[in-house]
Structure formats: structure tokens, C-alpha cells
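Residue numbers (UniProt numbering): 1 to 78.
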């Protein structure tokens with residue numbers, strides 16, 4: 001059964017319209033990181049407990065919400 005090429009292309013086009021081209025790599029990176037952490041949670045091997053470096057391409061690191069809030073907040077200095 002599975003997904004065929006036209007169905008995959010339709011899903012990709014919908015994602016592209018919803019999130020835009022610049023956001024899709026960040027979402028993919030975030031999803032990959034989440035899946036690795038999920039698999040690591042079920043793993044019992046000691047060698048899988050090695051810390052990974054957080055790359056700046058992840059969704060949480062690329063969020064500009066804090067910057068936007070800081071820029072819009074009124075200054076308390078006179």
C-alpha cells in the first residue's frame with residue numbers, strides 16, 4: 001500500500017505552502033532530532049547516551065520570538 005510519488009509530492013507542496021521554503025529545513029532538522037531522542041529513550045545501550053551538540057539549525061535555536069518580543073517591549077529608561 002504505502003505512499004506513492006504523487007502523494008508524496010502533494011504532501012510536500014502543501015508543507016511548502018504552509019511553512020515556506022526557509023522554514024522546511026528547520027522543521028526537518030527538528031523532526032530528525034526528536035526522532036533520535038525518542039529512539040535513544042527506548043535504547044538500553046550505554047554507548048547511545050553520548051551527548052549531541054545542538055546545532056544552530058534547529059527550530060528552537062532559530063526562533064526569533066524572543067528577539068521580536070524584546071524589540072517591541074517598551075523601554076523603561078527615561
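Just so you know, even glycine gets a beta-carbon here, dropped at the ideal spot from N, CA and C. In this text the structure is predicted, and so the values were computed from the model without any measurement.
If I follow the unbroken alpha helix (DSSP H) through residue i, where does it start and stop?
i	result
residue 3	Counting along the chain, residue 3 falls outside any alpha helix (DSSP H), and DSSP gives it neither H nor E.
DSSP state of residue i, grouped into three classes?
i	result
residue 20	coil
residue 43	coil
residue 8	helix
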